[in-house]
Amino acid sequence: MEDFAQLEDAINYLNDDSEEDYKNPVFYFTFCPNYETQPYKDGWVVVEALNEKDAALKFLKKYPSTNGWLPCKTWYTEKDFKTTEMYKNNDNFGAGLHEVIK
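Written out as structure tokens, the structure reads:
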């Protein structure tokens, strides 16, 4: 998924049966310094969910889009997040875990 994807593109991606439905109980939604449309500056939020679609819906329920853009930089499966420098350093531009959404 591209950074700063439009909400409509993200919904289409999540509804596309040709895409693999990541079955993973934990997803990481990350943020960046340009946070005017995001709930946090930098760091990440963990979402516990049944799959990727459920995680995105839980995130959007708590943090609805106000401008047609997803209110995060991007999101990762737990497996992919653990390969990032953010995970290894427990740091994303000076911030870490903000909250867990269940």
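Quick note: the sequence shown uses my numbering, first residue 6, plus one each step.
C-beta: ideal position from N, C-alpha, C; glycine also.
Note that this is a predicted model, so its numbers are computed, not measured.
In three-state DSSP terms, what is residue i?
i: ASN94; result: helix
i: PHE86; result: helix
i: ALA100; result: strand
i: GLU41; result: coil
i: PHE36; result: coil
Please return the same chain residues whose Cβ sits closer than 6 Å to the Cβ of residue i, not counting the five positions on each side in sequence.
i: PRO30; result: GLU53
Please name the residue, chosen from the options, that lies closest to residue i on a Cα-to-Cα basis.
i: ALA60; options: PHE32, PRO69, TYR68; result: PHE32
i: ASP41; options: CYS77, LYS66, LYS63; result: A small fix is needed here, since residue 41 is Glu in this sequence, not Asp. Considering only alpha carbons, the answer is CYS77.
i: ASN56; options: CYS37, THR89, GLU83; result: GLU83
Is residue i buried or exposed, if buried means 16 or more other CB atoms sit within 10 Å of its CB?
i: LEU102; result: exposed
i: PHE35; result: Per the sequence shown, residue 35 should be read as Thr rather than Phe. With 16 or more other Cβ atoms within 10 Å, it is buried.
i: GLU104; result: exposed
By Cβ distance, which residues of its chain are closer than 7 Å to residue i, with the 5 residues on each side in sequence left out?
i: TYR92; result: PHE86
Counting beta carbon pairs with one atom in the region 91-101 and one in the region 46-60, are three or more of them shorter than 8 Å? yes
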